[in-house]
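Q: Before I ask anything, let me first share the structure, which is written out below as structure tokens.
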Amino acid sequence: MSAPLPRQMAGPLTTGAASLRHARLALPPRLDWQQSLYTGARLQGLDSEAALRCPGAPQVVQRRHLVAVVADSDEQARHACSQLRLRWSEAAPQDSTPRVRAAQTLHARGQDSSGLHDITMDAHYQWRDGESVSSALSASPFPATGIVAMASPMGASLRLDLPFGNPALIAMEVAALLSLPVAQVEVRSHRPPASAQERSAASDVAGVVALLALQCGQAVSLVLEPTNFASSPTSLQLHGELDQDGRLGSYHLHIEQDAPPPPLAWLLTETAYALQDASDPRDGAALASPYDWQALEIIGPQGAAIPLAASTFAQEIFFDELAQRIGEDAVQYRLQHLPDAHGAALVRSVAEGAGWNGPARQVQGGILRGRGFAYASTLEQEQGQPVQSWSAWVADVEYDRASGELSVTRVTAGHDQRAGTTAAAAHAADDLLDEKQRALLGKQARLAMAQTLAPDQGFDAWSRELRPLPGQASASLPQVDLIDGGTTPALRDIQLKVGGAFTLPAAAAISNAIHAATGVRLREAPFSGEQIRLALEHQEGAEQRPGGWRRLRKYGWLGGAAAALGATLTLAMPWRAEIAPVARPAANLYSAATIERGRRVALAGDCAVCHTAPGGVANAGGHALQTPFGTVYSTNITPDEKTGIGNWSYAAFERAMREGIHRDGRHLYPAFPYTAFAKISEADMQSLYAYLMAQPAVSSTPPENDLRFPFNMRPLLAGWNLLFHKNEVFQPDPERSALWNRGAYLVEGAGHCTACHSPRNALGAEQGGRQYLGGGTVDGWEAPALTALSKSPTPWTEDELFSYLRSGFSDRHGIAAGPMAPVVAELAQLPAGDVRAIAHYLASFQAPATSTTTPAPITTTSLSESQKLSQANGKRLFQGACAACHIEGTGPTLFGVRPSLRVNTNLHSDTPDNLIHVILHGIREPANPALGYMPGFANSFSDAQVGDLLAYLRSEFAAGKPAWEGVPESIARSRAQAGH
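Here the sequence shown is numbered in the numbering used here, starting from 1015 and rising by one per residue.
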């Protein structure tokens, strides 16, 4: 049974029905299959004790390798799921043989002339289909946060609500999975799937949520994240023959495509999947090359939906390789063999618009630049009529050898589409793209480029954005220049739906450009800088070792021990050798992508927060850092050659960041958190150096440090480093998720959160173990614990942490103030995915929430008369000066937000320091202007009045907490300190 779903589901479902439960899935670290059998990581152990203690009445469901948590809300389910302790086995090595279908001839023309031509060329290509661009631009895009489905038991039947999917197919799948008659499974879908990924995702989420609902016996809503969905590779083998004069002979394309994986529920429960693949086969003629081959044959799998992008990708790179083989220009060679006059006109227009003059390889320092061309033409049926599409691309790329960053810097593209009638074609000849169409096509192009460039893998992979982030120059995104080709008015709405025809040449154009820039031919999409690095190393013989290498390998343990001993002795040296100064690197030495990556590293590391004096120029130094040993002033890290780091080589910069050694050889004080920066990856370190060197140089000499003896003796820091510093790059935990490891890398490395949020020992070293992120002090402010040691009345959740770090406000905890406000302002400029990773990591240290967040009120019988008077005076002060903004109720929000004092962490802290700072000095520069500011009352309240207000606030909003001690001394210290 099937029926339309009346609305699009784009987030966790809410309903008035008390029986609706919410679920989250805990996936294995590796998913894989072979011949429909699960071959990924296998569940070896499950400890659910911590998860079951979480709020929301959680229930843990396990079926073989499928593990999920069901709770009263999505937030509670996600939190409880993060508390599961799962032990997975390593997945067994897999047979790389494709899971292929039977082959058949899909299309053929001309008489085969194989073996009768002068030049023969063979090449192999691989394409991995991803989310379709048309889906991403549709009115109901695939949600970045995951898809939501609901399953509701209804007596002996089951009803599923999905945002997209094929209801008939999913009903059959679910019925077979649960051993139910198909008639007892009703599937309601908002729309059909717009891509192979959506088709697979719908089957995945439907099977899991149906199984959970049946297990729980009640309605269940499930959020399944898009990163969980696999895609199937398409393998393409091309054989071409041509004559010496360049005339095209025979063309053979053999396509193999992996069978798709079974739906997720079938896979993880190891249930045999017996249903046939229901995808629609592609018309073989649509896969044919547009060029004038004398004979052409295409062989492919039966019943498979072969992506047009895959065949275009292979044939356009292959044609580029043919042109290179016979020494022809790639564009001119295409024009010689393109019989379609309209397509040839579009090719000329795009080439002229791009100023095409060949691949245009440039080498500038470590930056390699090049450009590539690709073309596509396809005929498809749309709304019952044939629609012809043409598209041509010129892509410009650059590869930075220092950081490994690969980026597309510019695209020149043309697209035309016409109905198959002469009248319609004539009518369309003079139509041009309007601004709305240009914007949509530009967005479509950037989406295609994002899919073609593989996201970096690993803990130091930065989230990718398709629009400028706050503070990011739009020039760091690819420039898209559109060449008008004419568009039929009646089909303008269709234009962005026809299989992403506009973007079909994207991957091939980028691959051809990469080859022009680097000499590396990438025949497998998507592409990454890592692929290029490995290929260049192979070309340059980097893998070859001296003859004695193999003999030395068996003594590797001895070499490792010697290296460790050498590193230890180096740390213990009281003075280090100077690294010679260099000329400031040229501004164009690094690519725009590398500099942008470095900007993000700097934002995560809050470089400008500590290296900018109040009212001073960014990164010019002079900010006073108060320590128990005296005052340390931050240094100038602008590229000024006399007062900054302009004459520092990368080697000098890296040594300072990882070892705490100045270019001239002196030790740096650990107020500069090199103990954390040592964990930064090489790519991020190179990018940070590139970014800092690309900033304006500022001549500024900070004040001299003011430290007591013997802490002002720098050579003594050699012993400190020996005791407390490990110069080691971050190592991910293989038992944790990629998101957790990403968050750990940012928190422990560039973010150096422990520098403020961990207590320190008598020598100023951060304490670990149970005290890790257990709270510290910075500039007279308390940096609260970020773990279960937090004094907050309500534990932090991942969503609350994300909101706080992204906006500076959490309605359950308060506003970022003091030194934390500028940190949040920096984090707000990072991609949301990276801030989410930080929140996810920190949430893993939180204690389970209690069933109630309202403390029991205390009685006043034990208060002395002076305490009662003090609280009464404080109440009057509160009502006169504070209540307008902070009173709980339905009154107006006067300045930005209305933070509740009852859940404010500062009011529940063991010390009143933060609250005193805010009362006296206000919040002059909030993390986010939308939060509003708070005035200070240092000139309005006496010390006694401040004390009375504190007494009232503590008793009223932190009931059950003892009165603070040492309040007069804390007020005096705050008055003596410059406000934040």
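Quick reminder that beta carbons are idealized off the backbone N, C-alpha and C, glycines included.
Remember, it's a predicted structure, so these values are computed and weren't measured experimentally.
In terms of residues, what are the limits of the beta strand (DSSP E) holding Ser-1249?
A: Counting along the chain, the beta strand (DSSP E) containing Ser-1249 begins and ends at 1247 to 1256.
Q: Assuming Gly-1658 and Val-1623 make a contact with CB atoms under 8 Å, what is their CB distance in whole Å?
A: Rounded, the Cβ-Cβ distance is 17 Å, inconsistent with contact.
Q: Going by beta carbon distance, what residues of the same chain come within less than 6 Å of Leu-1250, once the five residues before and after it are set aside?
A: Answer for Leu-1250: Tyr-1139, Ile-1269, Ala-1328, listed in chain order.
Q: Return the CA-CA distance between Glu-1979 and Leu-1964, expressed in angstroms with no decimal places.
A: Rounded to whole angstroms, Glu-1979 to Leu-1964 spans 11 Å at the Cα level.
Q: Name the one or two DSSP bridge partners that Pro-1315 has.
A: The partner list for Pro-1315 (beta bridge, DSSP) reads Ala-1117.
Q: Near Glu-1814, which residues of its chain fall below 6 Å by C-beta distance, leaving aside the five closest residues on each side in sequence?
A: Closer than 6 Å at the Cβ level, and outside the excluded window around Glu-1814, lie Ser-1824, Arg-1826.
Q: From the DSSP output, in three-state form, read off His-1771 for me.
A: Note: His-1771 maps to helix in three-state DSSP.
Q: So, does the segment 1644 to 1659 touch the segment 1627 to 1634, judging by three or more C-beta pairs under 8 Å?
A: The segment 1644 to 1659, when compared against the segment 1627 to 1634, does touch it at the 8 Å Cβ threshold.
Q: Smallest Cα separation from Trp-1102: which of Arg-1213, Ser-1087, Ser-1217, Leu-1282?
A: Closest option to Trp-1102, Cα to Cα, is Leu-1282.
Q: In angstroms with no decimal places, state the Cα-to-Cα distance between Met-1463 and Thr-1326.
A: Rounded to the nearest angstrom, the two C-alpha atoms are 15 Å apart.
Q: For the segment 1128 to 1139 against the segment 1250 to 1260, do three or more pairs of beta-carbon atoms, one drawn from each stretch, fall closer than 8 Å, so that the two count as touching?
A: The answer is yes - the segment 1250 to 1260 touches the segment 1128 to 1139, with three or more Cβ pairs under 8 Å.
Q: What did DSSP end up calling Arg-1916 once you bin it into helix, strand or coil?
A: Arg-1916: coil per DSSP, three-state reduction.
Q: Please list, in chain order, all residues of the same chain as Ala-1692 whose beta carbon is under 6 Å from its beta carbon, the five residues on each side excluded.
A: Cβ within range, chain order: Arg-1672, Asn-1741.
Q: Which residue from Trp-1662, Cys-1896, Ala-1802 puts its Cα closest to that of Leu-1856?
A: Comparing Cα-Cα distances from Leu-1856 to each of Trp-1662, Cys-1896, Ala-1802, the minimum goes to Ala-1802.
Q: Whose C-alpha, out of Gly-1169, Val-1201, Met-1168, Leu-1192, is nearest the C-alpha of Pro-1177?
A: Of the candidates Gly-1169, Val-1201, Met-1168, Leu-1192, the one whose C-alpha sits nearest the C-alpha of Pro-1177 is Val-1201.
Q: Enumerate in chain order the residues of its own chain whose CB-to-CB distance from Ala-1365 is below 6 Å, with the five nearest sequence positions on each side excluded.
A: Val-1345.
Q: Taking just the CA atoms, how far does Ile-1161 sit from Ser-1988?
A: The straight-line gap from Cα to Cα measures roughly 50 Å.
Q: Return helix, strand or coil for Gly-1936, following the three-state DSSP convention.
A: Residue state, collapsed to three classes: coil.
Q: Hey, quick one: how far does the alpha helix (DSSP H) through Gln-1465 stretch, first residue to last?
A: Element bounds for Gln-1465: 1449 to 1466.
Q: Please list the segments of the alpha helix (DSSP H) lying wholly inside the segment 1339 to 1426, counting only runs of 4 or more residues, in order along the chain.
A: Here the runs fully enclosed are 1344 to 1350, 1355 to 1368.
Q: Could you work out which residue in Ala-1952, Asn-1928, Val-1837, Ala-1990 is closest to Ala-1941 when comparing CA atoms only?
A: Of the listed residues, the one whose Cα sits closest to Ala-1941 is Val-1837.
Q: Less than 8 Å between the beta carbons of Val-1074 and Leu-1080, yes or no?
A: No.
Q: CA-CA distance, Glu-1610 and Glu-1419?
A: C-alpha separation (whole angstroms): 10 Å.
Q: Quick check: what's the CA-CA separation for Gln-1090 versus Val-1222?
A: Cα to Cα, the separation comes out at about 19 Å.
Q: With three or more C-beta pairs closer than 8 Å as the rule, is the segment 1762 to 1774 touching the segment 1718 to 1733?
A: No, the segment 1718 to 1733 does not touch the segment 1762 to 1774.
Q: Spatial neighbours of Pro-1353 within its chain, please: C-beta separation below 6 Å, excluding the five flanking residues on both sides.
A: Cβ within range, chain order: Asp-1306.
Q: When DSSP builds the beta bridges, which residues end up paired with Tyr-1052?
A: Its beta-bridge partners are Trp-1047.
Q: Check whether the Cβ atoms of Asp-1046 and Gly-1054 lie closer than 8 Å to each other.
A: Result yes, Cβ atoms of Asp-1046 and Gly-1054 sit closer than 8 Å.
Q: What three-state label does DSSP hand Pro-1642 in the structure shown?
A: In this structure, Pro-1642 counts as coil in the three-state DSSP scheme.
Q: Beta-carbon separation of Cys-1095 and Ala-1163 under 8 Å?
A: Cβ distance not < 8 Å, so Cys-1095 and Ala-1163 don't count as in contact.
Q: Could you spell out where the beta strand (DSSP E) holding Pro-1167 opens and where it closes?
A: Run containing Pro-1167: 1161 to 1168, per the beta strand (DSSP E) assignment.
Q: Where do the ends of the beta strand (DSSP E) carrying Leu-1945 lie?
A: That residue, Leu-1945, is in no beta strand (DSSP E); it is neither H nor E in DSSP.
Q: Report, in whole angstroms, the separation of the C-beta atoms of Pro-1599 and Met-1727, which I expect to be a contact under 8 Å.
A: With 8 Å as the limit, Pro-1599 and Met-1727 do not qualify as a contact, their Cβ atoms being about 34 Å apart.
Q: Specify, as a first and last residue, the run of the alpha helix (DSSP H) that Ile-1524 falls within.
A: Ile-1524 -> alpha helix (DSSP H) spans 1520 to 1532.
Q: The beta strand (DSSP E) spanning Thr-1791 covers which residue range?
A: From DSSP, the beta strand (DSSP E) with Thr-1791 extends over 1790 to 1792.
Q: So, does the segment 1879 to 1893 touch the segment 1928 to 1946, judging by three or more C-beta pairs under 8 Å?
A: Short answer: they don't touch.
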